[in-house]
Amino acid sequence: MKFAKWLKRIVFSLLLLVVGAIGIRLYDIQRGPDLQLWHTYVPDEMDADEIDSADWNDYIKRENSLFNEVKRNVNG
Numbered sequence: 192m193k194f195a196k197w198l199k200r201i202v203f204s205l206l207l208l209v210v211g212a213i214g215i216r217l218y219d220i221q222r223g224p225d226l227q228l229w230h231t232y233v234p235d236e237m238d239a240d241e242i243d244s245a246d247w248n249d250y251i252k253r254e255n256s257l258f259n260e261v262k263r264n265v266n267g
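If you count the sequence shown from 1, you need to add 191 to reach our numbering.
This is the structure we're talking about:
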């Protein structure tokens, strides 16, 4: 009986430590600098239907245009 009681205490203590560590990390993340444009820019990629109907050359053309779009919008 004492073993179960101690086991519960240990598990509860570990759970509190993990939750506390996550809370501290979340607080620390929120205090950090704002995200840069390259973190937030999302290019218009092909959706599943477009990929299914595209061949390799279509895919490569689209990827090249995406890289150019990223260069233009993110790198300046």
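Positions of the beta carbon are idealized from the N, C-alpha and C atoms, including for glycine.
In this text, all values refer to a predicted model and were calculated from it rather than measured experimentally.
Identity of the residue in the options nearest residue i by Cα
| i | options | result |
| --- | --- | --- |
| Tyr252 | Met237, Arg263, Trp197 | The question names Tyr, but residue 252 in the sequence shown is Lys. Lys252 has its Cα closest to that of Met237, out of Met237, Arg263, Trp197. |
| Lys262 | Asp243, Arg222, Leu228 | Leu228 |
Whole-number beta carbon distance between residue j and residue i, since they are thought to touch under 8 Å
| i | j | result |
| --- | --- | --- |
| Tyr232 | Asn264 | 6 Å |
Decide yes or no for the touch test of the segment 248-266 against the segment 200-218: beta carbon pairs closer than 8 Å, at least 3 of them. no
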